[in-house]
Each structure stands twice: as C-alpha cells, then as structure tokens.
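Novice: First, the structure itself, so that you have it in front of you.
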Amino acid sequence: MKEQKQQKLDIGLLDVKRQDCLEGLKSIEDNSIDLVFTSPPYADQRKGKYDSIPVDEYVDWFVPIAVEIQRALKPSGSFFLNLSPHCEQGEKSTYVMELVIAIRDQAKLRYMDELVWYKSANPRKWDHRLKNAWEPIYQFAKERPYINHANIKIPTESAFVNKRGYSSYTSVTGNVGGYHEITDQGIGFTIPDNVLYFPSALLVKDKFEHPAKFPLELAEFFVRGFCPEGGTVLDPFMGSGMVGLAALQYGRKCFGFDTEQRFVDMAYERVNSYRKPPESPKKGTVDIFATESA
Ligand SMILES: C[S@@+](CC[C@H](N)C(=O)[O-])C[C@H]1O[C@@H](n2cnc3c(N)ncnc32)[C@H](O)[C@@H]1O
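For the sequence shown, our numbering gives the first residue as 31, with consecutive numbering after it.
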C-alpha cells in the first residue's frame, strides 16, 4: 500500500503537554510506543533559553527518563537519542559516552547503532581543532526493532541484476556490495547508510523561533523508517514540535512534553498552520518515494 503525506492533518493525533517528561512519561502505557525520537537539552548549553543540566549531574538526571522510555516502548520499538558533547576549556566532554553505557546497563535497552547526522559546519573559526559538522544519534531498542526499508530507500548510481533477481550495486562512493531491489524503471535502490545528511534547520528561517529545532526532513526520515503506519511516536523533549509535524504528516499519533508553555503552544501552532506544499516534480528527476510501500 502506498504511503502518502496527509492532505489535511488530524490534530487529534497530537497530544503535547506542558510537563517535565519524567512525570509525563509515567502516564504512558507499558509497551505502547513504536518510536521515540528526541533531542534533550545538551548539558550546560542553552542557559537562559530553557533548563540546562550540569555535566556531572546529566547521567543521573537522564537514566530515570530512559527507564520510563524502556517501559513505554513496544518490543519492536526504537529509541533514537540525538545528543552531542561540547568542548570545555578546549577538551571534549565525555558525558554522552557515559550516558550511552548507562542507558544500556541501567535502563536495560539494547545499544543498536550510532548514526552520524552530518549537518554541515558552522563557519566560525575553532582554535586547535577542525570545525564540527556532525552530531551523533544513538539508536537503542528493547528487542528487535521495526524498520521499513522501502520508505527510506535511496537511489543507487548503478544496479546489476544477479541470478536471484536482485541487484548488486555501486554506491556513489564507489563501494560495491549488498543485494537490493531494482525497480521497473531500471533504477537501483538501496537502504541508506548510517551517515545521514540533513542541513541544520537553523539555516531555515520560519516564524517558529526555537534554538534547537530539528530539520523536518530528519524527523520525517525516522518517522517513516522506524514507526509503522498508524503507530505512535513520542518526543519527550518536544520543543518546537518538528517530530509532531512529521508524525501527523504521515498519519502517526504523537505524544510530547515540554516544560515551557511557549513551546507547547508553538508545537500546536506548527501543526495547525501546516499546508501541504504543491506537488511539482521537476522534469527529468525521479520521485524516489513514488513506489514505496509500508
Ligand atoms: C533540544 S530542545 C528540542 C527541540 C526539538 N527537537 C525541536 O525540533 O524543536 C529541548 C527541549 O526540551 C525542553 N525541556 C527541557 N527540560 C525538559 C524536561 N525535563 N521535560 C520536558 N521538556 C524539557 C526544552 O524546553 C526544549 O524545548
């Protein structure tokens, strides 16, 4: 069955509460969430914009939240955590690494993967180091997580059919490997690798001012790839509501929390003011999602 962006969003599928997420999570049923995709406040960052947790308290602060996420996730669910360490007096902080281990050991979630979100570098000058151009996104799961390869496939540069009717492919980097479907148009597709390129949303000016908003396309990628149609997404640190918009655009339910009323309002306004952009595929290009199935 083809999956389409919703023409009109069903606002009833969104439930964002002004609440500390640790409290809010306790009201969510066991084994009910398909996907958690979130970015909590980074330690010692954004002071004055919203709550900021000191580095040496971060793991103890987050582990009880991860325990609730573990309880609320379905056995097929995934928890993606976007959290990037900062530098303090020239040295990179290691609290994020400590947290990953604590989530595995104390919240009893399987550590599945570390994805690279390549978002392009900030043009400012850094002494003694290169510019940072990426952030990690950690994937945890309860058991064997759901993934919809068809929804997140990407075209390969070339494809060759082998005896089993599948294609081996050459990627844009020249690596050959894997077996992937070939479409009736003769175009090869493969599943994406775990380096994702989505330019920072801060480069996109819109009326929703939030200092750390996700690009919509990044949130859509996780919703479509890791939450089945009609499933439920949770963003415990909802901010400006990008995850909510991505979820509703594709007919998923979404729960969210934020401690700031202005961000709860912003999330609802973002979803309420959504208008589906007109479809106008450019001549000579291929809509890679045109043949997708859930
Ligand atoms: C990094 S931002 C999330 C931005 C979001 N991904 C977006 O696309 O706009 C973190 C958000 O968590 C909120 N927050 C901070 N502490 C919280 C807590 N204990 N529970 C719920 N939300 C919290 C902040 O107000 C902030 O909006």
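Heads up, the beta-carbon is just placed ideally off N, CA and C, and yes, glycines get one too. Here the structure is a predicted model, which means the values were calculated and not measured.
1. From serine 82 to phenylalanine 219, what distance separates their C-alpha atoms?
2. Does DSSP put proline 115 in a helix, in a strand, or in coil?
3. Reducing DSSP to helix, strand and coil, say where glycine 260 ends up.
4. How is leucine 39 classed by DSSP in three states: helix, strand or coil?
5. Under DSSP, the alpha helix (DSSP H) around proline 94 begins and ends at which residues?
6. Return the CA-CA distance between proline 84 and threonine 289, expressed in angstroms with no decimal places.
7. Just to confirm my understanding: we take glycine 120, look at its own chain, exclude 5 residues before and 5 after, and list those with CB closer than 7 Å. What are they?
8. Mind listing, in chain order, the residues whose beta carbon lies closer than 5 Å to a non-hydrogen atom of ligand 1?
9. Closest by CA to phenylalanine 340, which one among Ser270, Tyr280 and Gly274?
10. Does DSSP classify lysine 183 as helix, strand or coil?
11. With 16 other CB atoms within 10 Å as the buried threshold, where does arginine 300 fall?
12. Look at the Cβ atom of alanine 102, then the Cβ atom of valine 66, and state whether they are nearer than 9 Å.
13. Is leucine 248 helix, strand or coil when you go by DSSP?
14. Assuming phenylalanine 244 and serine 69 are in contact, meaning their beta carbons sit under 8 Å apart, how far apart are those beta carbons, in whole angstroms?
15. Less than 9 Å between the C-beta atoms of alanine 96 and glutamine 136, yes or no?
16. Could you pull the start and end residues of the beta strand (DSSP E) that leucine 135 belongs to?
17. Would you check if the distance between the CB atom of methionine 18 and the CB atom of valine 46 is smaller than 9 Å?
18. Does DSSP put glutamine 279 in a helix, in a strand, or in coil?
19. Specify the secondary structure class of phenylalanine 228 as computed by DSSP and reduced to three states.
Specialist: Straight from the coordinates:
1. 42 Å
2. coil
3. coil
4. coil
5. 85–102
6. 17 Å
7. His158
8. Asp50, Cys51, Ser69, Pro71, Tyr80, Asp81, His240, Ala242, Lys243, Phe244, Phe267, Gly269, Ser270, Met272, Phe287, Asp288, Thr289, Glu290 and Phe293
9. Not covered by the structure: residue 340. The range shown for the chain is 31 to 324.
10. coil
11. buried
12. yes
13. helix
14. 7 Å
15. yes
16. Reading off the sequence shown, one finds aspartate at residue 135, where the question assumed leucine. Per DSSP, aspartate 135 belongs to no beta strand (DSSP E); it is in the alpha helix (DSSP H), 125–136.
17. The structure shown does not extend to residue 18, since the chain is modelled only from 31 through 324, so no value can be given for it.
18. helix
19. coil
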